[in-house]
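Q:
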Amino acid sequence: MALTDDAIARIRSMIQSGELPPGARLPPEPQLAAQMGLSRSGVREAVKVLESARVLDVRRGDGTYVTSLAPRLLLEGVGVAVELLRDDTLLEVMEVRRLLEPVATGLAALRMTDARLDELERILEDMRAAADDAEKLIRFDTAFHHTVIATTGNEALTSLLDGLSSRTLRARVWRGLIEGNAAHTTIDEHQAIYLALRSRDQLLAQASALMHVNTSEAWLRTVLAAQAGAGRPPAGRGHGADAATAGPPTRRARS
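Right, dumping it as structure tokens:
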């Protein structure tokens, strides 16, 4: 492991220094190992690790290349990590969302084009038509928030917030909303965000998004408190990154 870690550090250093810029082809394994003064096995394992992290792209029969190093690639693992967090730790995820998402939504209000606004309006119409269909709501909800944040033009921010609101977490939430007859109220809060964006009102957009995240966090805290009161251990996976905005649902979401 020490040799592998050393090889990882060496390759990362070559990328950071510009010796291996995005899109560059790495030297063949024997040459790279000799260049770094390390064993071929250590280099081979390092390449595997960096490939998993989307830093390197191994093309069989062609060679190994540095990826574009775009945020959407390097931050891809955030969503996987969030899905593995325990419920109590998800409160920290909600705190991160509360710090980032409202400000990003406010920024989007200044950069939102008419075409993007029309797209959001269509998504909202689809959400209302699918108010009792969890699978469709998950898809439309994801599209709504991604469209808003992507409007900022900040790929790192978009990738990070996409990861903090993974599909599995949304699924648990929307099923609970439908069971608790709260889906329409939550859709109304999406409507409030849309109207603030349509008016190009940065502060109102930020406030609408903050309310959305705050009530999501309050819902999650209520669920965790109910679990603790019943003596149940936290589930292995969390209950939602986009929870009910009308307060706690009347029944728990199913996994």
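The numbers in UniProt numbering rise by one with no breaks, and the one at position 212 of the sequence shown is 212.
By construction, the Cβ of each residue, glycine as well, lies at the ideal position given by its N, Cα and C atoms.
Between Leu-75, Val-213, Glu-29, Gln-206, which has its C-alpha nearest Asp-65's C-alpha?
A: Locating residue 65 in the sequence shown gives position 65, where the first residue counts as 1. Looking at the sequence shown, residue 65 is not Asp but Tyr. That would be Glu-29, whose Cα lies nearest to the Cα of Tyr-65.
Q: When DSSP labels each residue in this structure, what does Thr-4 get in the three-state scheme?
A: Counting from 1 along the sequence shown, the entry for residue 4 is found at position 4. Three-state result, Thr-4: helix.
Q: In terms of residue numbering, what span does the beta strand (DSSP E) encompassing Asp-57 cover?
A: Residue mapping note: residue 57 aligns to position 57 of the sequence shown, counting from 1. Taken as a continuous stretch (DSSP letters only), the beta strand (DSSP E) holding Asp-57 covers 56-59.
Q: Helix or strand or just coil, what does DSSP make of Arg-86?
A: For the purposes of this step, residue 86 is taken as the residue at position 86 of the sequence shown. DSSP places Arg-86 in coil when its eight states are reduced to three.
Q: Can you name, in chain order, every residue of its own chain whose Cβ lies under 7 Å from the Cβ of Gly-153, other than the five neighbours on each side?
A: Position 153 of the sequence shown holds residue 153. For Gly-153, where only same-chain residues beyond five positions count, the Cβ hits under 7 Å are Arg-111.
Q: Can you give the beta carbon distance from Val-213 to Pro-102, rounded, assuming they're within the 8 Å contact cut?
A: The count along the sequence shown starts at 1 and reaches residue 213 at position 213. The count along the sequence shown starts at 1 and reaches residue 102 at position 102. Yes, Val-213 and Pro-102 are in contact; Cβ-Cβ is about 7 Å, under 8 Å.
Q: Is the beta carbon of Arg-128 closer than 8 Å to that of Ile-178?
A: Along the sequence shown, one-based indexing puts residue 178 at 178. Along the sequence shown, one-based indexing puts residue 128 at 128. No, these two residues do not count as a Cβ contact at 8 Å.
Q: Within the region 15-100, note down every full beta strand (DSSP E) run reaching 3 residues or more, in order along the chain.
A: Whole beta strand (DSSP E) segments, 3+ residues: 56-59, 63-66.
Q: Please name the residue in Gly-23, Ile-149, Ala-7, Leu-161 whose C-alpha comes closest to that of Met-94.
A: In the sequence shown, counting from the first residue as 1, residue 94 sits at position 94. That would be Leu-161, whose Cα lies nearest to the Cα of Met-94.
Q: Nearest to Leu-74 by alpha carbon, out of Ala-7, Ser-52, Leu-32, Leu-195?
A: Here residue 74 is taken as the residue at index 74 of the sequence shown, counted from 1. Per the Cα distances, Ser-52.
Q: Could you give the first and the last residue of the continuous alpha helix (DSSP H) run that contains Gln-127?
A: Taking the first residue of the sequence shown as 1, we reach residue 127 at position 127. Reading the sequence as shown, one finds Met at residue 127 and not Gln. Note, Met-127: alpha helix (DSSP H), 114-129.
Q: By DSSP, does Ser-216 sit in helix, in strand, or in coil?
A: The count along the sequence shown starts at 1 and reaches residue 216 at position 216. Note: Ser-216 maps to helix in three-state DSSP.
Q: Looking at the structure shown, is Gly-238 part of a helix, part of a strand, or coil, going by DSSP?
A: Indexing the sequence shown from 1 puts residue 238 at position 238. For Gly-238, the pLDDT reaches just 39, beneath the cut-off of 50, and the residue's location in the model is therefore unreliable, leaving the point undetermined.
Q: For the putative contact between Leu-56 and Pro-22, defined by C-beta atoms under 8 Å, what is the C-beta separation to the nearest angstrom?
A: Here residue 56 refers to the residue found at position 56 of the sequence shown. Here residue 22 refers to the residue found at position 22 of the sequence shown. Not confirmed; about 11 Å, so no contact.
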